[in-house]
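For reference, the structure discussed in these notes is given below.
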Ligand SMILES: Nc1ncnc2c1ncn2[C@@H]1O[C@H](COP(=O)(O)OP(=O)(O)O)[C@@H](O)[C@H]1O
Ligand SMILES: [Mg+2]
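Residue numbers (the working numbering): 46 to 400.
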């Protein structure tokens, strides 16, 4: 079989740039080079694209790749048939691209923007399309799309930035009438817990909203769900499959950015410590959410299993979940019988299906 020219994108103009680099280094180290010609293209935080000439995973992981002498300016052409345009020292080359793997998290990668470029270019890509990506990125939209299904979610209030800036007191009072403290506050479109806080009183709520609005014009105030944090990995297009559920035990008060990436001491249990019956329910609900959003390829669907009644409460969905070797998504499928390498092959196969 002919080798597949795989364009792997990493970095990006996103608050999750660093996480993307670690995910990408991990994916690159596991891709079978007998099957794929790898074209790693890094996107700086300032937005410029470079084809990275070296195969140094550590340099991608820690950001040193940016200084590499082998980097060449490059971009994916929207003009069909062009592929990757690479600016060499003497000439401009066009490299055909069979498939794109956007190992990008958050804005400008996981939110439909990049997917629009792939669609225009007519190149198959790993993961969900424009609509599903955009809808999954915006938590307020996800909530509405999931509502018609039998999937319980935390009670919430949507706040617009202008509304808050005009009458902050009114927002705080409305939240206090609806919820009792503590509440969770989060930007509607964010990830990796950036801008997420637990507010314990009026002052905390005010500053949590100010913080959330640094990242998005919409914020959610949510009732706090006390319970276990449970995650399910989903894989597939028309007939998706759900992994065994896993459980996160945050090292801090909640699963904050620090607990995710700095502490390295959050607990991880695979399978999750929940009854078999709950596990089946969570897997089914993960598939329901995946279908409600019309996802393709992959997603990680996150829940709480509430302490008081053992019910599964849907929290959020990620269409390009973390992909480091210690990330939940690959680990959950490993525990379900699909190795990391096979998972990558399947994802690329799913991307190229029906093209
Ligand atoms: N309603 C809630 N009740 C309890 N904890 C929450 C709630 N919402 C968020 N959290 C905590 O905050 C973390 C990050 O919030 P999440 O909605 O998953 O945003 P992100 O997309 O940034 O991961 C969760 O993993 C959880 O620890
Ligand atoms: Mg989350």
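Every residue, glycine too, gets a C-beta built ideally from N, C-alpha and C.
Being a predicted model, the structure only gives us computed values, none of them experimental.
Taking DSSP as the reference, what is the three-state secondary structure of residue 213?
Residue state, collapsed to three classes: helix.
Would you kindly check if the distance between the Cβ of residue 274 and the Cβ of residue 292 is under 8 Å?
A contact, by the Cβ cut-off of 8 Å.
Does any heavy atom of ligand 2 sit closer than 7 Å to the C-beta of residue 361?
At least one heavy atom of ligand 2 lies closer than 7 Å to the C-beta of residue 361.
Own chain, CB closer than 8 Å to residue 116, minus 5 neighbours either side, in chain order
Contacts found: 87, 95, 96, 97, 98 and 110.
Residues surrounding ligand 1 [beta-carbon distance to nearest heavy atom under 5 Å]
Here the residues come out as 199, 229, 236, 238, 241, 267, 269, 270, 299, 300 and 361.
Taking C-beta to C-beta, are residue 381 and residue 289 nearer than 8 Å?
Between residue 381 and residue 289, the gap from beta carbon to beta carbon is short of 8 Å.
What's the gap between the Cα of residue 332 and the Cα of residue 279?
If you take the alpha carbons of residue 332 and residue 279, they lie about 7 Å apart.
If I measure Cβ to Cβ from residue 364 and keep anything under 7 Å in the same chain, skipping five residues before and after, which residues do I get?
155, 172, 173, 177, 178, 181, 340 and 344.
Proximity test, residue 347 beta-carbon vs ligand 2 heavy atom, cut-off 7 Å:
True, at least one ligand heavy atom lies under 7 Å from that Cβ.
Pairwise C-alpha distance: residue 93 and residue 130
Answer to the nearest angstrom: the Cα atoms are 13 Å apart.
Check the C-beta distance from residue 281 over to residue 395 and give it rounded, since I have them as a contact under 8 Å.
Rounded to the nearest angstrom, the Cβ distance from residue 281 to residue 395 is 7 Å, consistent with a contact under 8 Å.
Note down the Cα distance separating residue 271 from residue 248, rounded to an integer number of angstroms.
It is roughly 22 Å from the alpha-carbon of residue 271 to the alpha-carbon of residue 248.
May I have a chain-ordered list of the beta strand (DSSP E) segments no shorter than 3 residues that lie completely inside the segment 103-142?
The segment 103-142 contains, as complete beta strand (DSSP E) runs of 3+ residues, the segments 117-121, 129-132 and 137-140 (chain order).
So which of 83, 295 and 260 has the shortest CA-CA distance to residue 405?
Summary: the structure shown does not reach residue 405, with the chain confined to residues 46 through 400, and so no result is reported for it.
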